[in-house]
Amino acid sequence: MASSSYISLMDLASGDMFNSPQTPERISRVMTLPVDGAITDDGDFDSLSSEYCEKTIIVANFLPLQAQKDIKSGQWLFSFDEDSLLLQMKDGFSPDTIVVYVGSLKVDVDSKEQDEVSKTLLEEFNCVPTFLPPDLQKKFYHGFCKQYLWPLFHYMQPMCADYGNRFDRLHWQAYLSANKIFADKIIEVTNPEKDYVWVHDYHLMALPTFLRKHFHRVKLGFFLHSPFPSSEIYRTLPVREEILKALLNADLIGFHTFDYARHFLTCCSRILGLDHESKRGHIGLDYFGRTVYMKILPVGIHMGQLQSSLNHPSSSTKVKEIVAKFNGKKIIIGVDDMDIFKGISLKVLAMEQLLQQHPELQGKVVLIQIVNPARSTGKDVQEAIREIYESTERINDVFGFPGYEPVVLIDRCVPFYEKAAYYACAECCIVNAVRDGMNLVPYKYIVCRQGTSRMDEALQIAPESPRTSMIVVSEFIGCSPSLSGAIRVNPWNIDAVADALNMAITMPDVEKQIRHEKHYRYASSHDAAYWSQSFMQDLERACKEHYNRHCWGFGFGLSFRILSISPSFRKLSIDHIISVHRRTCRRAIFLDYDGTVVPHSSIIKSPGPEVILFMNSICSDPKNTVFIVSGRGKNSLSDWFAQCENLGIAAEHGYFIRWNRRSEWETFPITIDFGWKRIAEPVMQLYTEATDGSFIESKESALVWHHQDADPDFGSSQAKELLDHLENVLANEPVVVKRGHQIVEGVTKGLVAKKVLSTMISNGEPPDFVLCVGDDRSDEDMFESISNTAYISSLPVSPEIFACTIGQKPSKARYYLDDTVDVLKLLSGLNGASNSTISTSNTETEPKTAIIQKWKHSEHIGWFEDNNQHSFSLDRWVLVDVSIFRCQFDTSQVRFIVIVLLTEGIVYLLSMENSLVGLTINDGEDEQWHIDFGKEAITKTNVYCLVTGWVFP
């Protein structure tokens, strides 16, 4: 059922619903690209110089700029924001890379000034502003982003109106409209063949769809700087599918931690039914033929900017002031934004608990909490501020005395040089957020504690003296996994946080030094430049196949996606395969059963009468060798296809093979020791009892553990555990543990196809037509096996190979059919072709003399070999189809064979080294018959068709 939030973005996101003014005139790309040829405003590149420098388009909600308007002159003044990560990440790019920023300004610009401002920002700062109308900005940023997405992604649901806003469709529509405006600006400055686009954060999660719709092969990365919630939280989002599908239009999606990536992948599995896998160390998710890669790397700090701040004269002055003010006291520093997720009040309560539990620390330890201004407004923020101040006042009243305040709140905009001074003086840094995407405060603290020569002078410490630092960090923030030497805490456990603070300030200096050195090595090597460089390298790798594959866009709204397939991968033309079928003479056909002949969704698993009819008709053609290859047991398949006399069956993925109904079952020539079952079955039974919805299917050659009816996540987790368990206990047993449904078996479908084809070749009936149709992973082995058959050197002519999968998906097959309905159409076509051949073969031809009888296969054949001539004595006057005899000869001796009937009742098989254009035959009575083959010489591949059906007088 389609979500009620499903809408046409092309209509919705035009912005018309807000009656907003038109965006400023389009920016010409000529202004930003160093090329010789001109680029037209409509985006067509007339001619590009070979000296074109690729650009990286950095897209974020806000530009890395500071803007203010001069009151006297009325002119806008702009400057780069040196603290912005978007600016710092440039250090990771190649010096030849042009970086263009797309985003909004943090100030409102009058519509009359927007064109001039746009031109100034583009020429002087390489920035492209997106001017959102005030009403749209309010609904987009302050509405949907800050009041809905931000709390939800931090695990806070809008249970009541006082704590976060509930989902508002108008705000969602504003979100889409804003994303569309951003996409339009990107399109103006992007050359999709050369440039890379890197989109940042949750404000722009719908943008990849708008961009991908316009440029199918755009090189697009996305990085989420906030947490990604668990599926239980994310699934409450009314537009959950739309956002996931939009993000999957990126080539690379980045997260700070594996937990965030795991939550995203789990949501894709539960909501969209998509599975992921690790590809050479990189996590990839197949989405309609495209591989969307995951990048897990926490962002870093800018070392140069920090060291510059430490060397700032104001920092040294501030350090001296702090040392004088808090002389003899150990400083615990906290720096947080004012929002409900930073855990500031919990931190203050932990300080209170510390002083209660350790009275000896009163007057000796102080918590300095710097509170950055709130980025959003709301009742929840106001309540958090009130709680923080009330707790601070109470603690200072109880534990403070003249000259000593246990908790010092600095609630104002603090310049970074001042923060650096506090970091440098602090014994311990505490980051106690209940949920945070990354948080770089610990990294900044570590670098500031390492210091510089000027900072050492201000602190009056020797340059060679060892450095120490201690960090107490919440386990719920993104930087926690990378800080292996920090004391991790649950911020909700106030007693545990208090104990961690006590441990941090009382720990021996030697251990503090070891922890500091470990942290500093990481922070200094994994800085912002390393982060951006690593992401761009992975983005380049993710996009390298863009122009080696065919791409088609389909779907409406946020359901738009790209179908990407190999140039050689195409839908199987039934008319084409029937045409090839008619001109070939020895055919091998392999058909999977479940999902190919019968739909997976079918409750009745037995084949329908139509399938039986088609199978009987196709198998009745003596030139066809047809096999059903299935993982099902031989008894079921035998019963279902009992009416198909000439149908071959490979059961249990080929462990059991039967060439037709009259033949006996053969087992694949591997060990038949099934003692491993006594080891494996009890292990599998344990997992079955522990996993509701799972069951064991016992076959003669395999044990299968099914978990499709279990909880998707738990079933998948249990399957992986079972796989590891079985691989260990069966390490010395003659079995293979197969992935997928955890199939324990000794053979694969690929070996089945290889055996059948090898048998045909060894019997002198090498196939010139091979068709294989299947739908799942086990069939990929067959596709690979039949493809390798084409390269067998002993074959005079390569056969026509048709490997066909069901559905448009990455596969080793070159062809696809959409579903089982298409398979039945294919079988119907083959049925008609076979009937046509049989009809032609069985047509009565009136002989010109009485000695020639009707067509008939001889059943009694005796034969002898005499030099190059092979003769067969027949029990009656018949013309025999050549295919009856082909299996009697070694193909290395007989290259081209023609059958003719002489009046003596003897069939002569003439071995020829070259292709034939005609044949003169002596009938033993000194009378010669001349047969002219016409324009086409007889060869290995057409001999059957030319000979069959001739009657001699």
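So the number in the numbering used here is just where the residue sits in the sequence shown, counting from 1, plus 333.
Backbone N, C-alpha and C fix where the C-beta goes; we use that ideal spot for every residue, glycine too.
Bridge partner(s) assigned by DSSP for residue i
i, result
"TRP281", "In the structure displayed, the chain extends from 334 to 1286; residue 281 sits before or after that span and is not available."
"LYS628", "GLY587"
"THR958", "ALA921"
"CYS952", "In the DSSP output, where bridge partners are listed per residue, CYS952 has none listed."
"PHE621", "Per DSSP, none; premise fails for PHE621."
"LYS388", "ILE431"
"LEU896", "TRP885"
"THR1000", "PHE989"
"GLY1107", "THR1138"
"GLY436", "PRO462"
"PHE395", "SER437"
"ASP769", "ILE810"
"LEU1150", "ILE1139"
"ASP927", "VAL931"
"ARG903", "TYR1148"
"CYS781", "Answer by DSSP bridge pairing: none, since CYS781 is not bridged."
Residue range of the unbroken beta strand (DSSP E) whose run includes residue i
i, result
"THR1138", "1133 to 1139"
"GLN702", "698 to 705"
"LYS552", "552 to 556"
"ILE664", "663 to 670"
"CYS812", "It is not in any beta strand (DSSP E) - CYS812 carries neither H nor E in the DSSP assignment."
"ILE911", "It is not in any beta strand (DSSP E) - ILE911 instead sits in the alpha helix (DSSP H) that spans 907 to 916."
"VAL822", "820 to 822"
beta-carbon residue i near the ligand ZN non-hydrogen atom, thresh 7 Å
i, result
"HIS691", "Absence of the ligand ZN from the depicted structure is noted, as is the absence of any ligand whatsoever, leaving it without description."
Residue i burial status per 10 Å Cβ neighbour count (16 or more: buried)
i, result
"CYS746", "exposed"
"THR1138", "buried"
"GLN689", "exposed"
"HIS536", "buried"
"TRP505", "buried"
"VAL450", "buried"
"TYR1148", "buried"
"PHE543", "buried"
"TYR756", "buried"
"GLY425", "buried"
"GLN421", "buried"
"THR929", "buried"
"LEU398", "buried"
"HIS909", "exposed"
Spatial neighbours of residue i in its chain, beta-carbon cut-off 7 Å, leaving aside the 5 residues before and after
i, result
"GLY1083", "ASP1114, MET1115, GLU1117 and SER1118"
"LEU465", "SER437, PHE473, ALA511 and ILE514"
"PRO313", "This structure cannot settle anything about residue 313, because the visible part of the chain is limited to 334 through 1286."
"MET538", "ILE576, ALA579 and LEU580"
"GLY770", "HIS558, SER559, PRO560, HIS589 and GLY811"
"PHE659", "VAL699"
"CYS758", "VAL652, ILE655, VAL656 and ILE664"
Pairwise C-alpha distance: residue j and residue i
i, j, result
"VAL764", "PHE556", "23 Å"
"ILE961", "VAL1106", "10 Å"
"SER406", "CYS460", "23 Å"
"ASN644", "ARG787", "6 Å"
"GLY1027", "GLY981", "According to the sequence displayed, residue 1027 carries Ser and not Gly. Using only the alpha carbons, I get a separation of about 32 Å."
"TRP1038", "MET1017", "7 Å"
"ARG768", "PRO940", "55 Å"
"ASP927", "ASP1112", "11 Å"
"THR569", "THR725", "36 Å"
Extent of the continuous alpha helix (DSSP H) to which residue i belongs
i, result
"TRP531", "No alpha helix (DSSP H) holds TRP531; the beta strand (DSSP E) holding it covers 529 to 533."
"PRO462", "Note, PRO462: premise wrong, no alpha helix (DSSP H); beta strand (DSSP E) at 460 to 462."
"ASP871", "861 to 876"
"ASP744", "Run containing ASP744: none in the alpha helix (DSSP H); it sits in the beta strand (DSSP E), 740 to 744."
"ALA983", "Looking at the DSSP string, ALA983 is not in any alpha helix (DSSP H); the run it does join, the beta strand (DSSP E), is 981 to 984."
Contacts around residue i, its chain only, beta-carbon distance under 6 Å, and the 5 residues preceding and following it disregarded
i, result
"LEU700", "ILE665, MET684 and VAL740"
"ALA753", "SER642, LEU643, SER648 and CYS781"
"ILE1012", "VAL1062"
Own chain, CB closer than 8 Å to residue i, minus 5 neighbours either side, in chain order
i, result
"LEU410", "ALA400, GLN401, LYS402 and ASP403"
"PHE395", "GLY436, SER437, LEU438 and LYS439"
Residue i at chain B interface by Cβ criterion, 8 Å
i, result
"ASP1046", "Annotation note: the requested chain B is absent from the structure, which comprises a single protein chain."
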